[in-house]
Ligand code: FPP
């Protein structure tokens, strides 16, 4: 497995796919060309993750804050997403990949929302890997919606305040049922979380590479996984307790 230890692979990898715009600029192309090239990386990373046996891959495809981008860029991104979902359905079914999405999905354009829901439905019985797309996603927004539902359930008497714990709270998040990410990868060198999976990343190993997302392909992914396998995860304990 290209120098990787199978037993030490992360179960859940989350990726902040950053740098499409800078990649385009570097090549004297319009920003959308960067996103187009970024889709090729998405395909290659999904294929590699599935092949290696990673169980969950979460990709930050569109943040809640991305709604503030110019209208033309937003519609170009939505078009790319529609095309990706249409093109990939057959592949997902063939490779036993279940699609999932997290975020304020109601804000998506109707056609994107419909294709997304349709693909989720068609792949619901796939068991090989979960491809989880974060769309219109913000970590703070996710925590607020969880809190509102939890308060509602508490006021209605379905939950006792004393029973509210991290694991109960996790059940109200979009990621309910998924393990927390073991590894977070961020491309293009920025040292921040950008409102991504704020709750779930509590003990996640972080790997940041200066490479722009369109240049992040199989070899770079393997390198990130190797770096992860060298990490010593203690979850707040001392080495002797592991
Ligand atoms: C960040 O680059 C990237 C995005 C905001 C969108 C990511 C989308 C894709 C890779 C393509 C569509 C996704 C799927 C799943 C088919 P940036 O524009 O912020 O780059 P910059 O920081 O260099 O400007």
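In this note's numbering, the protein residues as written are 4 to 245. Every residue gets a Cβ at the ideal spot worked out from N, C-alpha and C, and that includes glycine.
Non-local C-beta neighbours of residue 131 in its own chain, meaning closer than 7 angstroms and more than five positions away in sequence, comprise 53, 98, 99 and 100, ordered along the chain. Apart from the 5 residues on each side of it in sequence, residue 206 sits with its Cβ closer than 6 angstroms to the Cβ of 238 in its chain, given in chain order. Taking all protein chains shown into account, residue 182 has fewer than 16 neighbouring C-beta atoms within 10 Å of its C-beta and is therefore exposed. Taking 7 angstroms as the cut-off, one finds no heavy atom of ligand 1 near enough to the beta carbon of residue 89.
Excluding residues up to 5 positions away in sequence, 215 lie with their Cβ nearer than 8 angstroms to the Cβ of residue 29 in the same chain. Separation of residue 158 and residue 169 (C-alpha to C-alpha, rounded to the nearest whole angstrom) is 19 angstroms. Only buried fits residue 106, as 16 or more other CB atoms lie within 10 angstroms of its CB.
Within the DSSP secondary-structure output, residue 18 pairs in a beta bridge with 62 and 188.
Sequence-distant Cβ neighbours of residue 20 in its own chain, meaning closer than 8 angstroms and more than five residues away, are 41, 44, 45, 62, 63, 64, 190, 216 and 219.
Residue 30 has its CB no nearer than 7 angstroms to any heavy atom of ligand 1.
For residue 22, the shortest C-beta to heavy atom distance toward ligand 1 is below 7 angstroms. Taking the Cβ of residue 106 as the reference point, every heavy atom of ligand 1 lies at 7 angstroms or farther away. In this structure the region 79-90 does not touch the region 144-161; the number of beta carbon pairs closer than 8 angstroms is below three. Bridge pairing for residue 101: 133 [DSSP]. The beta-bridge partner set that DSSP reports for residue 209 consists of 187. Pairing residue 174 with residue 18, the inter-Cα distance amounts to about 22 angstroms.
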